[in-house]
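See structure below.
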Amino acid sequence: MKKRLILCLTLACLGCSQAPPPAASPTATATGPVAPLAGDSFELMGHEATVTFDPAAGSIKITSMLRLGTEGTGFTLKPAQAQKMNEIMLAARPEVIRSSERLTSSRALLAMEHQGIRYLASANAPTLKAAREALEMYMPHKGGIGPDASWLMGKLEGTRGKWSITANKEKYRLTGPAANLAFLPGTTVLVVGSLKSDHLYEAARMSEWLGPDQSGLDVPALEASLAPASDYVRDDSTGLLTSRRRILVNLKDGAGLRHIPKLLEAAGPGAHLIACWPDNMIIMFEIPDSPDLTNIRNSVKKLENVPVVESAAADVAMGEAGDSFRRPDQ
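Residue 339, in the numbering used here, is where the sequence shown stops; the numbers in between run on with no holes.
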(Lines of atoms letter the chains of each structure in order from A; the text may use other names.)
(Lines give C-alpha, C1' and ligand atoms only; values in the text may rest on other atoms or scores of the structure.)
Protein backbone atom coordinates (compact mmCIF):
# COMPACT_ATOMS: atom_id res chain seq x y z
CA MET A 10 0.00 0.00 0.00
CA LYS A 11 2.80 2.43 -0.89
CA LYS A 12 1.55 3.50 -4.31
CA ARG A 13 0.18 6.87 -3.25
CA LEU A 14 3.30 7.70 -1.24
CA ILE A 15 5.37 6.77 -4.30
CA LEU A 16 3.11 8.96 -6.44
CA CYS A 17 3.56 11.96 -4.14
CA LEU A 18 7.33 11.50 -3.94
CA THR A 19 7.52 11.13 -7.71
CA LEU A 20 5.58 14.32 -8.22
CA ALA A 21 7.65 16.19 -5.68
CA CYS A 22 10.88 15.12 -7.36
CA LEU A 23 9.87 15.66 -10.98
CA GLY A 24 9.52 19.42 -10.70
CA CYS A 25 7.63 21.50 -13.23
CA SER A 26 9.65 23.33 -15.87
CA GLN A 27 8.75 26.91 -16.52
CA ALA A 28 7.92 27.85 -20.06
CA PRO A 29 5.90 30.69 -21.53
CA PRO A 30 2.44 29.74 -22.78
CA PRO A 31 2.57 28.77 -26.46
CA ALA A 32 1.33 31.11 -29.13
CA ALA A 33 -2.25 30.71 -30.19
CA SER A 34 -2.64 27.55 -32.22
CA PRO A 35 -4.89 26.91 -35.20
CA THR A 36 -8.23 25.40 -34.35
CA ALA A 37 -8.93 21.74 -34.88
CA THR A 38 -10.06 20.45 -38.24
CA ALA A 39 -12.53 17.69 -38.95
CA THR A 40 -9.89 15.25 -40.20
CA GLY A 41 -7.18 13.49 -38.25
CA PRO A 42 -5.14 14.55 -35.21
CA VAL A 43 -4.66 18.29 -34.63
CA ALA A 44 -1.21 19.25 -35.95
CA PRO A 45 -0.36 21.61 -33.02
CA LEU A 46 -0.78 18.63 -30.64
CA ALA A 47 1.75 16.43 -32.44
CA GLY A 48 4.15 15.02 -29.85
CA ASP A 49 1.95 16.00 -26.90
CA SER A 50 0.26 13.63 -24.47
CA PHE A 51 -2.25 14.14 -21.64
CA GLU A 52 -2.52 11.93 -18.58
CA LEU A 53 -5.15 11.91 -15.82
CA MET A 54 -3.96 10.29 -12.59
CA GLY A 55 -6.59 8.61 -10.45
CA HIS A 56 -6.63 6.54 -7.28
CA GLU A 57 -6.65 3.23 -9.13
CA ALA A 58 -5.61 4.02 -12.70
CA THR A 59 -4.16 6.53 -15.12
CA VAL A 60 -5.77 7.44 -18.44
CA THR A 61 -3.46 8.78 -21.17
CA PHE A 62 -4.56 10.39 -24.43
CA ASP A 63 -2.14 10.36 -27.39
CA PRO A 64 -3.36 12.96 -29.92
CA ALA A 65 -1.07 11.76 -32.73
CA ALA A 66 -2.48 8.23 -32.54
CA GLY A 67 -5.97 9.29 -31.48
CA SER A 68 -5.77 6.64 -28.76
CA ILE A 69 -6.42 6.07 -25.06
CA LYS A 70 -4.16 4.01 -22.78
CA ILE A 71 -5.31 2.76 -19.36
CA THR A 72 -2.73 1.72 -16.77
CA SER A 73 -3.21 0.40 -13.24
CA MET A 74 -1.51 2.47 -10.53
CA LEU A 75 0.01 -0.80 -9.34
CA ARG A 76 1.59 -1.31 -12.75
CA LEU A 77 3.02 2.12 -13.49
CA GLY A 78 5.83 1.85 -16.02
CA THR A 79 4.14 -0.92 -17.99
CA GLU A 80 2.65 -0.38 -21.43
CA GLY A 81 -0.92 -0.56 -20.13
CA THR A 82 -3.97 -1.42 -22.24
CA GLY A 83 -4.78 0.85 -25.16
CA PHE A 84 -7.35 1.34 -27.89
CA THR A 85 -8.00 3.75 -30.74
CA LEU A 86 -10.84 6.22 -30.44
CA LYS A 87 -13.41 6.67 -33.15
CA PRO A 88 -12.53 9.67 -35.38
CA ALA A 89 -15.26 11.88 -33.94
CA GLN A 90 -14.22 11.03 -30.37
CA ALA A 91 -10.55 11.71 -31.12
CA GLN A 92 -11.41 15.02 -32.77
CA LYS A 93 -13.46 16.17 -29.78
CA MET A 94 -10.67 15.14 -27.40
CA ASN A 95 -8.14 17.05 -29.53
CA GLU A 96 -10.20 20.23 -29.33
CA ILE A 97 -10.59 19.98 -25.55
CA MET A 98 -6.90 19.28 -24.89
CA LEU A 99 -5.74 22.01 -27.26
CA ALA A 100 -7.86 24.51 -25.34
CA ALA A 101 -6.55 23.17 -22.00
CA ARG A 102 -2.85 23.23 -22.86
CA PRO A 103 -2.09 26.89 -21.97
CA GLU A 104 -3.91 26.49 -18.63
CA VAL A 105 -1.93 23.34 -17.76
CA ILE A 106 1.29 25.26 -18.41
CA ARG A 107 0.14 28.27 -16.40
CA SER A 108 -1.16 26.21 -13.48
CA SER A 109 1.96 24.04 -13.30
CA GLU A 110 4.13 27.08 -12.60
CA ARG A 111 2.33 27.58 -9.28
CA LEU A 112 1.98 23.98 -8.26
CA THR A 113 2.75 22.50 -4.86
CA SER A 114 3.59 18.87 -4.34
CA SER A 115 0.63 16.54 -4.82
CA ARG A 116 -1.89 18.70 -6.66
CA ALA A 117 -0.56 17.07 -9.83
CA LEU A 118 -3.43 15.00 -11.10
CA LEU A 119 -3.19 16.08 -14.74
CA ALA A 120 0.11 15.66 -16.60
CA MET A 121 1.01 16.94 -20.05
CA GLU A 122 4.03 16.33 -22.28
CA HIS A 123 4.67 19.31 -24.57
CA GLN A 124 7.86 20.05 -26.53
CA GLY A 125 9.87 17.69 -24.36
CA ILE A 126 8.69 19.25 -21.07
CA ARG A 127 6.43 17.51 -18.57
CA TYR A 128 3.87 19.79 -16.93
CA LEU A 129 1.82 18.86 -13.86
CA ALA A 130 -1.40 20.62 -12.88
CA SER A 131 -4.38 20.06 -10.64
CA ALA A 132 -7.22 18.35 -12.47
CA ASN A 133 -9.57 19.88 -9.88
CA ALA A 134 -8.91 23.40 -11.17
CA PRO A 135 -12.17 24.85 -12.55
CA THR A 136 -10.40 25.97 -15.73
CA LEU A 137 -9.40 22.34 -16.45
CA LYS A 138 -12.85 20.87 -15.80
CA ALA A 139 -13.48 20.03 -19.47
CA ALA A 140 -10.10 18.30 -19.87
CA ARG A 141 -10.58 16.33 -16.66
CA GLU A 142 -14.06 15.16 -17.58
CA ALA A 143 -13.00 14.21 -21.12
CA LEU A 144 -10.32 11.85 -19.76
CA GLU A 145 -12.25 10.82 -16.66
CA MET A 146 -14.98 9.11 -18.66
CA TYR A 147 -12.40 6.50 -19.70
CA MET A 148 -11.25 5.90 -16.10
CA PRO A 149 -12.07 2.22 -15.42
CA HIS A 150 -13.99 0.96 -12.41
CA LYS A 151 -15.05 -2.52 -11.41
CA GLY A 152 -18.36 -3.57 -12.90
CA GLY A 153 -18.23 -0.63 -15.32
CA ILE A 154 -18.36 -0.13 -19.06
CA GLY A 155 -16.52 2.57 -21.02
CA PRO A 156 -17.90 5.09 -23.54
CA ASP A 157 -19.25 3.28 -26.63
CA ALA A 158 -18.33 0.02 -24.85
CA SER A 159 -14.63 0.76 -25.42
CA TRP A 160 -13.82 -1.30 -22.30
CA LEU A 161 -15.45 -3.58 -19.75
CA MET A 162 -14.21 -4.33 -16.24
CA GLY A 163 -15.40 -7.07 -13.95
CA LYS A 164 -14.86 -10.61 -12.73
CA LEU A 165 -14.59 -13.45 -15.21
CA GLU A 166 -17.19 -16.19 -15.15
CA GLY A 167 -17.02 -19.50 -17.02
CA THR A 168 -13.95 -21.15 -18.56
CA ARG A 169 -11.29 -20.39 -21.15
CA GLY A 170 -12.90 -19.80 -24.52
CA LYS A 171 -16.31 -19.38 -22.89
CA TRP A 172 -15.71 -16.38 -20.66
CA SER A 173 -18.40 -13.90 -19.68
CA ILE A 174 -18.25 -10.73 -17.63
CA THR A 175 -20.85 -8.60 -15.86
CA ALA A 176 -20.75 -4.82 -16.42
CA ASN A 177 -23.43 -2.32 -15.44
CA LYS A 178 -25.40 -5.29 -14.08
CA GLU A 179 -25.57 -6.85 -17.56
CA LYS A 180 -23.77 -10.08 -18.48
CA TYR A 181 -21.71 -10.06 -21.68
CA ARG A 182 -20.35 -13.16 -23.40
CA LEU A 183 -16.79 -12.65 -24.64
CA THR A 184 -15.66 -13.61 -28.12
CA GLY A 185 -12.60 -12.75 -30.19
CA PRO A 186 -8.89 -13.57 -29.73
CA ALA A 187 -8.61 -12.50 -26.10
CA ALA A 188 -11.47 -14.76 -25.05
CA ASN A 189 -9.12 -17.73 -25.38
CA LEU A 190 -6.65 -16.40 -22.81
CA ALA A 191 -6.22 -18.45 -19.63
CA PHE A 192 -7.31 -16.88 -16.33
CA LEU A 193 -8.67 -18.16 -13.06
CA PRO A 194 -12.45 -17.79 -12.76
CA GLY A 195 -13.25 -14.79 -10.58
CA THR A 196 -10.23 -12.81 -11.80
CA THR A 197 -10.95 -9.10 -12.21
CA VAL A 198 -9.98 -8.11 -15.76
CA LEU A 199 -9.98 -5.08 -18.03
CA VAL A 200 -11.29 -6.01 -21.47
CA VAL A 201 -10.85 -3.77 -24.50
CA GLY A 202 -12.81 -4.36 -27.68
CA SER A 203 -16.20 -3.65 -29.20
CA LEU A 204 -19.83 -4.58 -28.65
CA LYS A 205 -21.05 -6.90 -31.42
CA SER A 206 -24.62 -7.30 -30.19
CA ASP A 207 -26.67 -6.62 -27.07
CA HIS A 208 -24.75 -9.11 -24.93
CA LEU A 209 -21.83 -10.23 -27.12
CA TYR A 210 -18.50 -8.44 -26.71
CA GLU A 211 -15.52 -8.98 -29.02
CA ALA A 212 -12.43 -8.84 -26.79
CA ALA A 213 -9.33 -7.61 -28.60
CA ARG A 214 -7.23 -7.46 -25.42
CA MET A 215 -7.78 -8.64 -21.87
CA SER A 216 -5.52 -8.20 -18.84
CA GLU A 217 -5.77 -8.93 -15.13
CA TRP A 218 -6.57 -5.79 -13.15
CA LEU A 219 -4.74 -5.22 -9.89
CA GLY A 220 -6.18 -2.54 -7.68
CA PRO A 221 -8.12 -1.85 -4.49
CA ASP A 222 -11.84 -2.46 -4.23
CA GLN A 223 -12.36 1.04 -2.84
CA SER A 224 -12.89 3.48 -5.72
CA GLY A 225 -11.69 6.52 -3.80
CA LEU A 226 -12.16 8.67 -0.72
CA ASP A 227 -15.81 9.41 0.06
CA VAL A 228 -15.09 13.09 0.67
CA PRO A 229 -15.89 15.81 -1.92
CA ALA A 230 -13.01 17.24 -3.94
CA LEU A 231 -11.67 20.51 -2.54
CA GLU A 232 -8.90 22.70 -3.93
CA ALA A 233 -6.72 24.87 -1.69
CA SER A 234 -5.80 28.46 -2.51
CA LEU A 235 -2.18 29.22 -3.32
CA ALA A 236 0.09 29.42 -0.29
CA PRO A 237 2.09 32.63 0.27
CA ALA A 238 5.85 32.31 -0.10
CA SER A 239 6.27 33.47 3.51
CA ASP A 240 4.77 30.15 4.71
CA TYR A 241 7.78 28.20 3.37
CA VAL A 242 11.23 27.89 4.90
CA ARG A 243 14.26 25.83 3.96
CA ASP A 244 14.45 22.53 5.83
CA ASP A 245 18.15 22.10 6.58
CA SER A 246 17.79 18.32 6.82
CA THR A 247 16.34 17.91 3.30
CA GLY A 248 17.16 21.11 1.44
CA LEU A 249 13.47 21.49 0.57
CA LEU A 250 11.44 24.65 0.91
CA THR A 251 8.92 23.31 3.41
CA SER A 252 5.63 24.71 4.64
CA ARG A 253 5.26 25.61 8.31
CA ARG A 254 1.48 25.24 7.99
CA ARG A 255 0.33 22.74 5.35
CA ILE A 256 0.33 18.97 5.82
CA LEU A 257 -0.39 16.37 3.13
CA VAL A 258 -2.01 13.19 4.40
CA ASN A 259 -2.24 9.97 2.35
CA LEU A 260 -5.15 7.86 3.60
CA LYS A 261 -5.64 4.12 3.48
CA ASP A 262 -8.46 2.42 1.58
CA GLY A 263 -11.68 2.59 3.57
CA ALA A 264 -10.99 6.00 5.08
CA GLY A 265 -13.83 8.48 4.84
CA LEU A 266 -15.63 11.49 6.20
CA ARG A 267 -16.16 9.84 9.59
CA HIS A 268 -12.38 9.85 10.18
CA ILE A 269 -11.87 13.60 9.62
CA PRO A 270 -12.54 14.65 13.26
CA LYS A 271 -9.91 12.20 14.55
CA LEU A 272 -7.43 13.43 11.97
CA LEU A 273 -8.06 17.07 12.86
CA GLU A 274 -7.52 16.24 16.52
CA ALA A 275 -4.19 14.63 15.68
CA ALA A 276 -3.13 17.62 13.57
CA GLY A 277 -3.53 19.82 16.63
CA PRO A 278 -5.49 22.87 17.88
CA GLY A 279 -6.55 25.22 15.12
CA ALA A 280 -6.07 22.69 12.32
CA HIS A 281 -8.58 22.67 9.48
CA LEU A 282 -9.14 20.84 6.21
CA ILE A 283 -8.27 22.98 3.17
CA ALA A 284 -7.97 20.49 0.29
CA CYS A 285 -9.00 17.00 -0.74
CA TRP A 286 -8.11 14.90 -3.79
CA PRO A 287 -10.46 11.92 -3.33
CA ASP A 288 -9.24 9.95 -6.37
CA ASN A 289 -5.74 9.86 -4.86
CA MET A 290 -6.92 9.41 -1.24
CA ILE A 291 -5.04 12.59 -0.26
CA ILE A 292 -6.17 15.46 1.98
CA MET A 293 -4.42 18.62 3.14
CA PHE A 294 -4.61 20.24 6.57
CA GLU A 295 -3.47 23.70 7.54
CA ILE A 296 -2.28 24.45 11.07
CA PRO A 297 -1.52 27.78 12.78
CA ASP A 298 1.78 29.39 11.79
CA SER A 299 4.90 29.13 13.94
CA PRO A 300 8.45 30.52 13.76
CA ASP A 301 10.00 27.26 12.55
CA LEU A 302 9.15 23.68 11.51
CA THR A 303 8.83 22.29 15.05
CA ASN A 304 5.03 22.43 15.24
CA ILE A 305 4.41 20.94 11.83
CA ARG A 306 6.86 18.11 12.52
CA ASN A 307 4.98 17.29 15.73
CA SER A 308 1.65 17.32 13.88
CA VAL A 309 3.02 15.02 11.19
CA LYS A 310 4.20 12.52 13.81
CA LYS A 311 0.81 12.45 15.51
CA LEU A 312 -1.01 12.03 12.19
CA GLU A 313 1.24 9.11 11.23
CA ASN A 314 0.00 7.29 14.34
CA VAL A 315 -3.66 7.45 13.25
CA PRO A 316 -4.64 3.98 11.93
CA VAL A 317 -6.25 5.25 8.69
CA VAL A 318 -3.15 7.26 7.71
CA GLU A 319 -0.74 5.67 5.27
CA SER A 320 1.71 8.59 5.39
CA ALA A 321 1.88 12.28 6.27
CA ALA A 322 4.34 15.02 5.38
CA ALA A 323 4.70 18.77 5.38
CA ASP A 324 3.96 20.32 2.00
CA VAL A 325 6.94 21.36 -0.10
CA ALA A 326 7.25 23.92 -2.90
CA MET A 327 8.01 22.79 -6.43
CA GLY A 328 9.60 24.62 -9.32
CA GLU A 329 11.52 23.93 -12.47
CA ALA A 330 14.04 21.09 -12.58
CA GLY A 331 17.03 23.41 -12.19
CA ASP A 332 15.56 25.02 -9.09
CA SER A 333 13.27 22.32 -7.76
CA PHE A 334 12.44 24.05 -4.54
CA ARG A 335 11.30 27.44 -5.81
CA ARG A 336 8.87 29.33 -3.61
CA PRO A 337 5.28 29.19 -4.90
CA ASP A 338 5.10 32.83 -5.98
CA GLN A 339 8.48 32.99 -7.74
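Each residue gets a CB set at the ideal place from its N, CA and C atoms; glycine is no exception. A quick note: this is a predicted structure, and the numbers were derived from the prediction, not measured.
Residue closest to K151, alpha-carbon to alpha-carbon, out of L86, V315 and G195: With distances taken between Cα atoms, K151 lies closest to G195.
K164 in three-state terms, based on DSSP: strand
With 16 other Cβ atoms within 10 Å as the buried cut-off, status of P316: exposed
Residues of its chain near G163, where Cβ-Cβ distance is below 6 Å and the 5 sequence neighbours each way are ignored: G152, I174, T175 and A176
Given N314 as reference, the closest of W286, A276, F294 and N289 once Cα atoms are compared: Nearest of W286, A276, F294 and N289 to N314, Cα basis: A276.
Under the three-state DSSP convention, the category D324 falls into: strand
Residues bridged to F192 (per DSSP): Partner residues in a beta bridge of F192, as assigned by DSSP, do not exist.
Backbone CA spacing between E96 and E217 [nearest angstrom]: 33 Å
DSSP-derived helix/strand/coil call for V105: V105 falls in the helix class under three-state DSSP.
Cβ neighbours of D301 in the same chain (closer than 8 Å, five flanking residues each side left out): So the qualifying residues of the chain are V242 and R253.
Bridge partner(s) assigned by DSSP for W286: I291
Residues that K2 bridges to, as DSSP identifies them: The requested residue 2 does not occur in the structure, where the chain is confined to residues 10 to 339.
Meets three-Cβ-pair contact criterion under 8 Å: the stretch 206-213 and the stretch 164-171: Because the criterion of three Cβ pairs below 8 Å is not met, the stretch 206-213 and the stretch 164-171 do not touch.
The alpha helix (DSSP H) enclosing K311, as first and last residue numbers: T303 to E313
Extent of the continuous beta strand (DSSP E) to which K405 belongs: Examination of residue 405 is not possible in this model, given that the chain is present from 10 through 339 alone.
Where the alpha helix (DSSP H) containing I296 begins and where it ends: Taken as a continuous stretch (DSSP letters only), I296 belongs to no alpha helix (DSSP H), as it is neither H nor E.
Buried versus exposed call for H281 [16 or more other C-beta atoms within 10 Å across all chains shown]: exposed
Nearest to P149 (by Cα), restricted to the options I296, R141, F84 and L161: For the residues I296, R141, F84 and L161, the minimum Cα distance to P149 belongs to L161.
Assumed close pair I69, G83 - CB separation to whole angstroms, cut-off 8 Å: Contact check for I69 and G83: beta-carbon distance about 6 Å, within the 8 Å limit, so the pair qualifies.
Spatial distance of P103 from F192 (CA atoms): 44 Å
A21 classed as buried or exposed, judged by whether at least 16 other C-beta atoms fall within 10 angstroms: Note on A21: pLDDT 41, under 50, position unreliable in the model; no value is reported.
Option nearest D245 by Cα separation, candidates K138, T303, A134 and H123: T303
Range of the contiguous beta strand (DSSP E) that encloses K70: S68 to S73
When D298, N133, R214 and E211 are compared against L231, the one with the closest alpha-carbon: N133
Option nearest A91 by Cα separation, candidates K311, L46 and L266: L46
Best match in G265, Y128, L190 and L266 for proximity to L53 [C-alpha to C-alpha]: Measuring from the Cα of L53, the nearest candidate turns out to be Y128.
Beta-carbon contacts of P156 that lie in its chain and below 6 Å, excluding the five residues immediately before and after: M146
Residue span of the alpha helix (DSSP H) that contains L340, given as start and end: The structure shown does not extend to residue 340, since the chain spans only 10 to 339, so no value can be given for it.
DSSP three-state assignment for M98, whether helix, strand or coil: helix
Three-state secondary structure assigned by DSSP to A134: In this structure, A134 counts as coil in the three-state DSSP scheme.
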